[in-house]
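In my numbering, the protein residues as written are 5 to 226.
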């Protein structure tokens, strides 16, 4: 569940201990990816609720590009995470899912992160002349840039299905099983009490997403 950082009666009771063993480190990396996929999912759903008109054109474009960039961190945020994502995508949808991943990567690289492809953006400088004059009366610069596909298009619908499948697979195949193994392998307390999410006490806004992977009351969170 996504929420602001809990305080007071909303906080978890008992002693909190931040875990740093190898399984916990794996969970942190996969969890970061899971939240990126959640971000992309929410951005696409928000875009669906906005009319496709001039009033919302920049917001719709921002939401589309935000979703693609957030999804793309699966592949391009490899310095810190160092995750192998091919098996995850294949588990979520086979070779078709891998092919669609490559299509999204092409959109990200050739248009959103860089302006490389004329398929998505073209520019022109146009001089207007009067019927009898030899000198321009108006000089215009035109930029035609893609703001993303219609929400009912095959591309947009496929993207929404793809993100949902990858996110669900990540939870069921990686997050919850690793969490359960971590708890069952280490039945005693692994360290001293520690604050939850240290370093987030600044005035800057933060989103804290708490994912219950295992609970004593009902086991693995699947």
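We treat Cβ as the ideally placed atom computed from N, Cα and C, and that holds for glycine.
Simplified DSSP assignment, three categories, for residue i
i, result
"residue 133", "strand"
"residue 145", "strand"
"residue 223", "strand"
"residue 21", "coil"
"residue 56", "coil"
"residue 181", "helix"
"residue 106", "helix"
"residue 216", "coil"
"residue 125", "strand"
"residue 5", "Only weak support is given to the placement of residue 5: the predicted model assigns it a pLDDT of 35, under 50, and the question is left unresolved by the model."
Cβ-Cβ distance between residue i and residue j below 8 Å
i, j, result
"residue 70", "residue 40", "no"
"residue 95", "residue 173", "yes"
"residue 177", "residue 148", "no"
"residue 27", "residue 217", "no"
"residue 116", "residue 72", "yes"
With 16 other Cβ atoms within 10 Å as the buried cut-off, status of residue i
i, result
"residue 47", "buried"
"residue 189", "exposed"
"residue 137", "exposed"
"residue 19", "exposed"
"residue 61", "exposed"
"residue 232", "Given that the chain is displayed from residue 5 to residue 226, the structure contains no residue 232 and the question cannot be resolved."
"residue 163", "buried"
N- and C-terminal bounds of the alpha helix (DSSP H) containing residue i
i, result
"residue 76", "61-80"
"residue 173", "158-174"
Rounded distance between the beta-carbons of residue j and residue i, thought under 8 Å
i, j, result
"residue 180", "residue 225", "5 Å"
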